Amino acid sequence: MGGPLRRVDAVFLRTLAPHVGFASGCAITMIAKQALELAGIDGYAHQGAHLFRHSLATDLLRSGASFAEIGQLLGHRSIDSTRIYAKLDIEKLRELTLPWPGGVQ
Numbered sequence: 145m146g147g148p149l150r151r152v153d154a155v156f157l158r159t160l161a162p163h164v165g166f167a168s169g170c171a172i173t174m175i176a177k178q179a180l181e182l183a184g185i186d187g188y189a190h191q192g193a194h195l196f197r198h199s200l201a202t203d204l205l206r207s208g209a210s211f212a213e214i215g216q217l218l219g220h221r222s223i224d225s226t227r228i229y230a231k232l233d234i235e236k237l238r239e240l241t242l243p244w245p246g247g248v249q
């Protein structure tokens, strides 16, 4: 049987003992890249683990989270770093557009 439970602050853990977080993000990136390739998913600007960050930020933005909340969660020091996710939500940007003067021609 396993030893006593202990708290681990990592999101991704090794499947083999010891069940600890990865030493770096490189292993997670490689696992994610392999999974995307095996699933036949391509055409994304960001591959690997970075795609998780972009997906999370976009989902939060679409759910109504503020840039400040998203930036805090992602660990951004500057709101400018978080603003790059605004360009990913084209539908929300369309809601903000004004009608063209004189109508569409």
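With the numbering used here applied, the sequence shown covers 145 to 249. C-beta: ideal position from N, C-alpha, C; glycine also. Quick caveat, the model's predicted, so the values are computed rather than measured.
Note: residue 165 is bridge-paired with 157 in the DSSP secondary-structure output. With respect to residue 205, residue 188 sits apart: the two C-beta atoms are not nearer than 8 Å. Taking C-beta separations shorter than 8 Å and ignoring five residues to either side along the sequence, the partners of residue 176 in its chain run 191, 192, 193, 195 and 196, following chain order. Note that the C-beta distance between residue 215 and residue 225 is below 8 Å. By the neighbour-count criterion, in which a residue is buried when 16 or more other Cβ atoms sit within 10 angstroms of its Cβ, residue 201 is buried. Inter-residue distance for residue 166 and residue 160 is about 11 Å (C-alpha atoms, whole angstroms). Leaving aside the five residues that flank residue 157 on each side, the residues in its chain whose CB is nearer than 7 Å to its CB run, in chain order, 163, 164 and 165. The DSSP-derived three-state label of residue 242 is coil.
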